[in-house]
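Trainee: Whatever position you read off the sequence shown (first residue = 1), add 107 for my numbering. Structure provided below as structure tokens; questions to follow.
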Amino acid sequence: MKFGTGLIGAVVLAAGMNAVAGAQDDGEFTYVGASLFGENEVGHKGAGEDASGDFSAELDLANGRMCYLLEIEGLDDFAAAHIHEGAKGKNGPPVATLELVGDDGDDVCTNADPELLKKIAKNPARYYVNVHTAAFPAGAVRGQLGE
Numbered sequence: 108m109k110f111g112t113g114l115i116g117a118v119v120l121a122a123g124m125n126a127v128a129g130a131q132d133d134g135e136f137t138y139v140g141a142s143l144f145g146e147n148e149v150g151h152k153g154a155g156e157d158a159s160g161d162f163s164a165e166l167d168l169a170n171g172r173m174c175y176l177l178e179i180e181g182l183d184d185f186a187a188a189h190i191h192e193g194a195k196g197k198n199g200p201p202v203a204t205l206e207l208v209g210d211d212g213d214d215v216c217t218n219a220d221p222e223l224l225k226k227i228a229k230n231p232a233r234y235y236v237n238v239h240t241a242a243f244p245a246g247a248v249r250g251q252l253g254e
């Protein structure tokens with residue numbers, strides 16, 4: 108099953124394109140992305156080769172806004188999705204919760220903590236996107252930002 112924009116909706120901060128390589132900064136905006144796979148999960152088995160996803164986001168550092176697209180294939184029964192702080196091969200705490208809102212075909216844009224956006228823009232590889240399902244509550248697919 109393929110979901111476009113809107114699968115994961117507005118960003119709710121937990122603490123107060125296809126994959127884009129690294130962070131690209133055009134002055135006001137920084138672009139980040141990740142490719143998500145089950146084998147990227149750490150400490151447990153993810154969904155394996157049958158599931159994958161792409162995440163891309165435009166971070167508006169000046170105005171504290173993020174617009175993004177998350178596409179997932181091969182998964183059902185979504186429970187949650189997050190942006191976590193954690194290097195490749197390490198698990199870390201969620202810093203933003205991505206709400207599940209359905210498939211509406213448009214980029215999702217929301218206000219976000221400007222300090223968090225600046226941290227992500229400065230070092231996107233310190234963060235990853237993780238999608239959870241009922242069958243994989245610890246995480247079905249994961250992708251490190253900047254890969």
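Note that beta-carbon positions come from the ideal geometry of N, C-alpha and C, so glycine has one too.
Sort Thr240, Asp167, Asp184, Asn230 by Cα distance to Cys216 and report the nearest one.
Mentor: Selected option, being the one with the closest Cα: Asp167.
Trainee: For Lys231, is the classification buried or exposed, using 16 other Cβ atoms within 10 angstroms of its Cβ as the cut-off for buried?
Mentor: According to the sequence shown, residue 231 is Pro rather than Lys. The residue is buried, with at least 16 neighbouring Cβ atoms inside 10 Å.
Trainee: Taking a contact to mean a Cβ-Cβ separation below 8 Å, would you say Glu156 touches Gly171 in this structure?
Mentor: No, the Cβ-Cβ distance between Glu156 and Gly171 is not below 8 Å.
Trainee: Label Ala128 either buried or exposed according to how many other C-beta atoms from any shown protein chain fall within 10 Å of its C-beta, with 16 as the threshold for buried.
Mentor: Residue confidence is low: Ala128 scores 37 on pLDDT, short of 50, so the model does not pin down where it sits. No coordinate-derived value is stated.
Trainee: Please classify Glu148: does DSSP put it in a helix, a strand, or coil?
Mentor: Here Glu148 sits in coil by DSSP.
Trainee: Is it buried or exposed for Asn218, if we count other Cβ within 10 angstroms and need 16 for buried?
Mentor: Exposed is the call here.
Trainee: Measuring alpha carbon to alpha carbon, tell me which of Ser163, Asp214, Val149, Ile227 ends up nearest Pro244.
Mentor: Taking only the C-alpha atoms, the option nearest Pro244 is Val149.
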